[in-house]
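**Q** Have a look at the structure that comes next, please.
In full-length UniProt numbering, the protein residues as written are 1 to 470.
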């Protein structure tokens, strides 16, 4: 028996050596150890951020101290601590084994035997997802009622009503799209095709591109979209898109001012649609806060993302990360020792998907940091595009948006580079000032002949004054 057969891996795939390495990994301790490492690393970054904010708050005038948001950071760390403890308890108490047993007994009682492997797996995944969501509900409610909300804007009852219907819409869409798509993936795994991990990557890539292009069809389920009415703003935007050769299909306004339940109304602008037919979406809060030249500057920034293909570059990075997940998962999904390390006696793709997500989610934080690094460079490039096309009001627009969103203006550098997908306001303003200085023409330099003639003229004028004095 050769090595690949002993490991239960198709020799044609040529990755039996990888399976040998993965087989020797202590998966249970890997899951706990990786989660603990990133938990303590992010706790250290949060402590740096809180200490930095406390120092900054003492130097700020009282009117700006609300921007600091120290309590928000403290609560974020408390919530992350509770999630880490809950994850450790779930893995160490074999609670997932109990969910698998419950789903198996439930379906056995309904007449769905072992031949309904995909159905049994989907019920297990749904039970785990529901339990995880219910555990997060108290933390989410505490956040929106006690941390992020000012009751001067709306009552607690209206806040809960908005939150409830928002969660119900997300739940329904998850069922409509998640169940058939995830079932199809489990069926693909059950076929046991050669290089099935590659087929899985293609399947996920098609889905990602499809949902990226139909986002403008799904978004109205959560927000109210309407065309921008005729007026000076629409005229200026259309003039800008013609100048920048942007394939404009429509200009939409999404109502956020009335629907937001947090203490601040988030302001934003973005592009949706296909590559050669895109729509511009503006938050109504953005229109209320900014003047027309400032709105045009923000739109020029977004068009810069379009011109540089930033959306597709980020999509490629996300697909690469997902491809790594699928590739590694495909090489452990059939390893009995992987399941036994977590207390499972059954080998099933749905169980493996849940278990591997605990491990991979910790390492995905590293990929998230790399994605943030690339995204910050894209933000600088989009700012350069806007400034290069004469958008002189970009600075004032960014200041107003950050002020309205209560964005932290002076983050700790380590914390910002790990967590922030956008540069801080101070960094962006400094970069824009540097770009404007580069665009200014250099001062005229005097030639040697002109300088000598001017010095001769000065000497002659001095001699004439001396004669007059004599």
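Glycine included, each C-beta is placed from N, C-alpha and C at the ideal position.
Determine, using beta carbons only, whether residue 329 comes closer than 8 Å to chain B.
**A** Protein chain content of the structure displayed is limited to a single chain, and chain B is not contained in it.
**Q** Take the Cβ of residue 423 as the centre, count every other Cβ of all protein chains shown within 10 Å, and call the residue buried at 16 or more, exposed below.
**A** Answer is buried; the Cβ neighbour count reaches 16.
**Q** Taking buried to mean at least 16 other C-beta atoms within 10 Å of its own C-beta, is residue 17 buried or exposed?
**A** exposed
**Q** Can you have a look at residue 218 and say buried or exposed, based on whether 16 or more other CB atoms are within 10 angstroms of its CB?
**A** Counting Cβ neighbours within 10 Å, residue 218 comes out exposed, since fewer than 16 surround it.
**Q** In the DSSP assignment, what residue or residues form a beta bridge with residue 114?
**A** DSSP output for residue 114 lists no bridge partner at all.
**Q** Taking the straight line between their C-alpha atoms, what separation do you get for residue 335 and residue 179?
**A** For residue 335 and residue 179, the distance between alpha carbons rounds to 25 Å.
**Q** Could you tell me whether the Cβ atoms of residue 436 and residue 385 are closer together than 8 Å?
**A** In this structure, residue 436 lies away from residue 385, with their beta-carbon atoms at least 8 Å apart.
**Q** Kindly indicate the opening and closing residues of the beta strand (DSSP E) around residue 155.
**A** Segment: none, residue 155 is in no beta strand (DSSP E) and carries neither H nor E.
**Q** Excluding the five sequence neighbours on either side, which residues of its own chain have a C-beta within less than 7 Å of the C-beta of residue 418, listed in chain order?
**A** 45 and 369
**Q** On the three-state DSSP scale, how would you describe residue 344?
**A** coil
**Q** According to DSSP, which residues form a beta bridge with residue 227?
**A** 252
**Q** Check whether the segment 358-373 touches the segment 267-282, counting contact only when three or more Cβ pairs, one atom from each stretch, lie closer than 8 Å.
**A** no
**Q** In the DSSP assignment, what residue or residues form a beta bridge with residue 283?
**A** 254
**Q** Would you call the segment 80-94 and the segment 341-361 in contact, with 3 or more CB pairs under 8 Å?
**A** As far as the Cβ criterion goes, the segment 80-94 touches the segment 341-361, which means the pair count is three or higher.
**Q** Considering only residues of the segment 15-65, which uninterrupted alpha helix (DSSP H) runs meet the minimum length of 4 residues and lie entirely inside it, listed in chain order?
**A** 16-23 and 27-59
**Q** Could you tell me the distance, in whole angstroms, from the CA atom of residue 398 to the CA atom of residue 298?
**A** 8 Å
**Q** Measure the Cβ-Cβ separation of residue 296 and residue 240 and say whether it is below 8 Å.
**A** yes
**Q** Work out the CA separation of residue 288 and residue 82 for me, nearest whole Å.
**A** Going from the Cα of residue 82 to the Cα of residue 288 covers about 39 Å.
**Q** Closest to residue 354 by CA distance: which of 131, 320 and 249 is it?
**A** Here the closest residue by C-alpha is 131.
**Q** Since residue 271 contacts residue 302 with CB under 8 Å, what's their CB separation in whole angstroms?
**A** Contact holds; Cβ gap of about 5 Å.
**Q** Taking the alpha-carbon positions, what's the residue 267 to residue 256 distance?
**A** 8 Å
**Q** Residue 53: which of 432, 42, 412 and 441 sits nearest, CA to CA?
**A** 412
**Q** Terminal residues of the continuous alpha helix (DSSP H) containing residue 72?
**A** According to the DSSP assignment, residue 72 belongs to the alpha helix (DSSP H) that extends over 70-92.
**Q** Using a Cβ-Cβ cutoff of less than 6 Å, which residues in the same chain neighbour residue 183 once the five nearest sequence positions on both sides are dropped?
**A** 118 and 122
**Q** Going by the CB atoms, is the gap between residue 290 and residue 253 shorter than 8 Å?
**A** no
**Q** Quick check on residue 270: does DSSP put it in helix, strand or coil?
**A** Of the three classes helix, strand and coil, the one that applies to residue 270 here is strand, per DSSP.
**Q** Classify residue 388 as helix, strand or coil using the three-state DSSP reduction.
**A** helix
**Q** Roughly how many whole angstroms lie between the Cα atoms of residue 112 and residue 175?
**A** So the two alpha carbons sit approximately 20 Å from each other.
**Q** Find out if the Cβ-Cβ distance for the pair residue 97, residue 344 is shorter than 8 Å.
**A** yes
**Q** Measuring CA to CA, which of 95, 94, 124 and 347 is closest to residue 106?
**A** 124
**Q** Would you grab the beta carbon distance between residue 129 and residue 349 for me? Rounded to a whole angstrom, and I think it's under 8 Å.
**A** In fact, because the Cβ distance is near 16 Å, the residues do not count as touching under 8 Å.
**Q** Using the Cβ count rule (16 or more neighbours within 10 Å means buried), how would you classify residue 78?
**A** Residue 78 should be labelled exposed.
**Q** For the alpha helix (DSSP H) containing residue 314, list its first residue and its last residue.
**A** Residue 314 -> alpha helix (DSSP H) spans 310-330.
**Q** Measuring only the C-alpha atoms, how far is residue 247 from residue 234?
**A** 15 Å
**Q** So for residue 183, helix, strand or coil by DSSP?
**A** helix
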